[in-house]
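Quick note: the sequence shown uses the numbering used here, first residue 287, plus one each step. Note that beta-carbon positions come from the ideal geometry of N, C-alpha and C, so glycine has one too.
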Amino acid sequence: MSEKLLPTTQSASILALSASAANASAALLEPVAGSYRLIGWETMIHNGEEDAFSLPGVLAGESGRTDSPTYAGKNASSLPGALARVSQTLGDRLGRDLWDASQNCPRTRTADPALELALGQVVAALDPLPSLRVWIGGLTGHESLAAAQYALDSTVCRPVAVYRFGMGGGPDRLAADMSDARPDLAVVVGGYDQPAPSARSAVLELCEEVALALHALPSALRPALYFAGNRWAAADALALWSALPAAPTADAVENVAPAPGVYRATPLSVAASRLYWRRCGATAAAHTISRWITPPSEVRSISWSFAQAVRLWRQVHSLSALHGLFCVGPLWVHVWAAAGEDGVRLRFVPAHTRPPALDGWPPLRLVSGPWPEQLWPRPRNHWWDAAGLTPTVANVGQIDPLIAWQVLAHDLLREG
């Protein structure tokens, strides 16, 4: 992307916000000599309550520390308050009133524009909820169950139990296990895509066992259900589950293992990701923060914003592929962007781990957050944002990708 001046319509101050259960960040972007720069930023490590501490950075990319221990907050409703505090702290340090306390929102209006600058745009990336807890039930460990786990690795999900039909003790034991695990989502897989009754019977028996177990649970403990097995059994599976009193949400997606040696991860991955984001969008925090956002932007997830940064960086540098890592918080996000592909590949892994499934990925060349050199030695040619602000800034690409590129290139991603 070549350097160029911004049109006069894009000359307003931008407040970029991001928040998760562990931290909240605010970054102020302003045009300087025709291109946007990072004027200052603030990151607050919070615990879901009132106590917090800030990690400041100022003036075009000077970084504060982001390698301090974090505490995963349990209360998503605290995020608007955390963003308010971090915005106020940033404004106080810069001598700018970024927060309208009377309206409890970023200051996008001012009574006297000649004396006080208001914000022109506000964007936010948000992960208000922890990972979805997932129970997976299937017939064989080496095909359908393995395929389901692989599909869920590219989502904000955490398997809490894996159940093989015929080896788990029946509906009563299953009900007790589900009560202990308390999954948000139950995924049932199994059977190749064959219409014969013999190809459908086992997975339908598993679905019936799941229905009996859920019937024994209070409705508040019943997870959402996805059937991702033999497509010829899908309608009967959904009928079994929908017949339950106070039936849980249930849907069918494409079979994760439709034939021997054939695996289809994307449909289940997409469905689980959408479920997670619907639940995020239904939180009070998301409703509150969405009212702060200025058009044309929308509230996005932090992983979505980071994926856009990796895609943009690959395109700018004309790379055949680029592997990026966002390593802030308890769940790290790996992104693989490749030329000729519309989407990107995602992998969510527990912090400070390197699963073998990543061994076939391209070399890691872009990192946002403290570089985990023991797991991923730094290559000669790389880009590094030690502050972990790349998703926060990349989300500004909803306004104009050029703005995101200018700030990432000049102030955040240091080339090595």
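Next item on the list: Write down the C-beta distance between Pro-392 and Leu-301 rounded to the nearest angstrom, noting that I regard them as a contact closer than 8 Å.
Entry: Walking along the sequence shown from the start, residue 392 turns up at place 106. Walking along the sequence shown from the start, residue 301 turns up at place 15. Rounded, the Cβ-Cβ distance is 5 Å, consistent with contact.
Next item on the list: Look at Ala-411 and Pro-642 and say whether their C-beta atoms are less than 7 Å apart.
Entry: Residue mapping note: residue 411 aligns to position 125 of the sequence shown, counting from 1. Residue mapping note: residue 642 aligns to position 356 of the sequence shown, counting from 1. In this structure, Ala-411 sits away from Pro-642, with a CB-CB distance that is not shorter than 7 Å.
Check: What runs of the alpha helix (DSSP H), each 4 residues or longer, lie entirely inside the region 465-500?
Finding: Positions of the alpha helix (DSSP H) runs, each at least 4 residues long and wholly inside the region 465-500, cannot be given because no such run exists.
Notebook entry, point to check: Expressed to the nearest angstrom, what Euclidean distance is found between the alpha-carbon atoms of Ala-538 and Asn-516?
Noted result: In the sequence shown, residue 538 corresponds to position 252, counting from 1. In the sequence shown, residue 516 corresponds to position 230, counting from 1. About 10 Å.
Item checked: Reference Ala-557, options Trp-590, Ala-510, Gln-684 and Gln-389, closest by Cα -> Within the sequence shown, residue 557 is the residue found at index 271, counting from 1. The option with the nearest alpha carbon to Ala-557 is Ala-510.
Check: Which one of Ala-521, Leu-632 and Trp-670 has the shortest CA to CA distance from Leu-617?
Finding: For the purposes of this step, residue 617 is taken as residue 331 along the sequence shown, with counting starting at 1. Here the closest residue by C-alpha is Leu-632.
Check: DSSP on Gly-263, reduced to helix/strand/coil?
Finding: The first residue shown for the chain is 287 and the last is 702, placing residue 263 beyond what the model contains.
Check: Around the C-beta of Lys-360, are 16 or more other C-beta atoms found within 10 angstroms, so that it is buried, or is it exposed?
Finding: The residue given as residue 360 occupies position 74 in the sequence shown. In this predicted model, Lys-360 has a pLDDT of only 48, less than 50, meaning its place in the structure is not dependable enough to derive any value.
Item checked: Cα-Cα separation between Trp-599 and Trp-657, rounded to whole angstroms -> Working through the sequence shown from its first residue, we reach residue 599 at position 313. Working through the sequence shown from its first residue, we reach residue 657 at position 371. Going by the C-alpha atoms only, they are around 18 Å apart.
Next item on the list: With a cut-off of 8 Å on the beta carbons, I'd call Trp-647 and His-603 a contact; round off their distance for me.
Entry: As a working mapping, residue 647 is identified with position 361 in the sequence shown. As a working mapping, residue 603 is identified with position 317 in the sequence shown. Rounded, the Cβ-Cβ distance is 18 Å, inconsistent with contact.
Check: Mind pulling the alpha helix (DSSP H) runs of 4 or more residues that sit fully within the region 552-587?
Finding: Taking only runs of at least 4 residues, the alpha helix (DSSP H) segments lying wholly in the region 552-587 are 552-567 and 570-576.
Note to self: Here's a check: name, in chain order, each residue in its chain whose Cβ is nearer than 8 Å to the Cβ of Thr-569, leaving out the five neighbours to either side.
What the structure shows: Here residue 569 refers to the residue found at position 283 when the sequence shown is read from its first residue. Result list for Thr-569: Ala-362, Ser-363, Pro-414 and Leu-415, in chain order.
Checklist line | Member of Val-585, Leu-561, Thr-580 and Ser-559 whose CA lies at the smallest distance from the CA of Ala-571 | finding: Taking the first residue of the sequence shown as position 1, residue 571 is located at position 285. For the residues Val-585, Leu-561, Thr-580 and Ser-559, the minimum Cα distance to Ala-571 belongs to Val-585.
Next item on the list: Look at the Cβ atom of Ala-497, then the Cβ atom of Trp-527, and state whether they are nearer than 7 Å.
Entry: As a position in the sequence shown, residue 497 is number 211, starting the count at 1. As a position in the sequence shown, residue 527 is number 241, starting the count at 1. Yes, the Cβ-Cβ distance between Ala-497 and Trp-527 is below 7 Å.
Notebook entry, point to check: To which residues of the same chain is Asp-439 closer than 6 Å at the C-beta, ignoring the five residues directly before and after it?
Noted result: Position 153 of the sequence shown, counted from the first residue, corresponds to residue 439. Excluding residues within five positions, the ones whose Cβ falls inside 6 Å are Arg-633.
Next item on the list: With DSSP as the reference, please indicate the residues paired to Leu-699 in a beta bridge.
Entry: Within the sequence shown, numbered from 1, the residue matching residue 699 stands at position 413. Paired residue(s): none; Leu-699 is not in a bridge.
Notebook entry, point to check: On the three-state DSSP scale, how would you describe Arg-371?
Noted result: Within the sequence shown, the letter at position 85 stands for residue 371. Reduced to three states, the DSSP call for Arg-371 is helix.
Check: Candidates Thr-574, Asp-378 and Val-474: which alpha carbon is nearest Gly-326's?
Finding: Locating residue 326 in the sequence shown gives position 40, counting from the first residue. Nearest C-alpha to Gly-326 among Thr-574, Asp-378 and Val-474: Asp-378.
Check: Could you give the residue range of the beta strand (DSSP E) that holds Leu-526?
Finding: Here the question's residue 526 lines up with position 240 in the sequence shown. Note, Leu-526: premise wrong, no beta strand (DSSP E); alpha helix (DSSP H) at 520-528.
Checklist line | Ala-467 and Ala-447 closer than 7 Å at C-beta | finding: In the sequence shown, residue 467 corresponds to position 181, counting from 1. In the sequence shown, residue 447 corresponds to position 161, counting from 1. Closer than 7 Å, so yes.
Check: Where does Val-614 fall in DSSP's three states?
Finding: If you number the sequence shown from 1, residue 614 lands on position 328. Collapsing the DSSP output to three states places Val-614 in coil.
Notebook entry, point to check: When the Cβ atoms of the region 543-552 are set against those of the region 452-463, are three or more pairs found closer than 8 Å?
Noted result: In this structure the region 543-552 does not lie against the region 452-463, because fewer than three pairs of beta carbons, one per stretch, are closer than 8 Å.
Check: From Ala-433, Arg-450 and Pro-469, pick the residue whose C-alpha is nearest to that of Arg-444; which is it?
Finding: Reading the sequence shown from its first residue, position 158 is the one you call residue 444. The option with the nearest alpha carbon to Arg-444 is Pro-469.
Notebook entry, point to check: So, are the CB atoms of Ala-514 and Leu-554 less than 7 Å apart?
Noted result: The residue labelled residue 514 in the question sits at position 228 within the sequence shown. The residue labelled residue 554 in the question sits at position 268 within the sequence shown. Note that the C-beta distance between Ala-514 and Leu-554 is below 7 Å.
Note to self: Does Arg-633 come out as helix, strand or coil in the three-state DSSP assignment?
What the structure shows: Against the sequence shown, residue 633 aligns to sequence position 347. Reduced to three states, the DSSP call for Arg-633 is strand.
Notebook entry, point to check: Excluding five sequence neighbours on each side, which residues of the same chain lie with their C-beta closer than 8 Å to the C-beta of Ala-400?
Noted result: Residue numbering aside, residue 400 sits at position 114 when the sequence shown is read from its first letter. Note on Ala-400: pLDDT 48, under 50, position unreliable in the model; no value is reported.
Margin query: Which residue marks the beginning of the beta strand (DSSP E) containing Tyr-549, and which one marks its end?
Written below: Along the sequence shown, read from residue 1 onward, the residue named residue 549 stands at position 263. Neither: Tyr-549 is in no beta strand (DSSP E) and is coded neither H nor E.
Checklist line | Inter-residue Cα distance where the pair is Val-318 and Ser-606 | finding: In the sequence shown, residue 318 corresponds to position 32, counting from 1. In the sequence shown, residue 606 corresponds to position 320, counting from 1. Those two C-alpha atoms are separated by around 32 Å.
Checklist line | Span of the alpha helix (DSSP H), counted from its first residue to its last, around Ala-625 | finding: Along the sequence shown, one-based indexing puts residue 625 at 339. For Ala-625, there is no enclosing alpha helix (DSSP H), as DSSP marks it with neither H nor E.
Check: Would Pro-366 be called buried (16 or more neighbouring beta carbons within 10 Å of its own) or exposed?
Finding: Stepping through the sequence shown from its first residue, residue 366 is reached at position 80. Buried.
Margin query: With H, G and I counted as helix, E and B as strand and the rest as coil, what does DSSP make of Asp-383?
Written below: Position 97 of the sequence shown, counted from the start, is the residue given in the question as residue 383. It is coil, neither helix nor strand.
Item checked: Euclidean distance between Cα positions of Val-542 and Ala-551 -> To locate residue 542, count along the sequence shown from 1; it is residue 256. To locate residue 551, count along the sequence shown from 1; it is residue 265. Cα-Cα distance, rounded: 6 Å.
Item checked: Whole runs of the beta strand (DSSP E) within the region 404-450, excluding any shorter than 3 residues -> You should have 407-413, 418-424 and 443-450.
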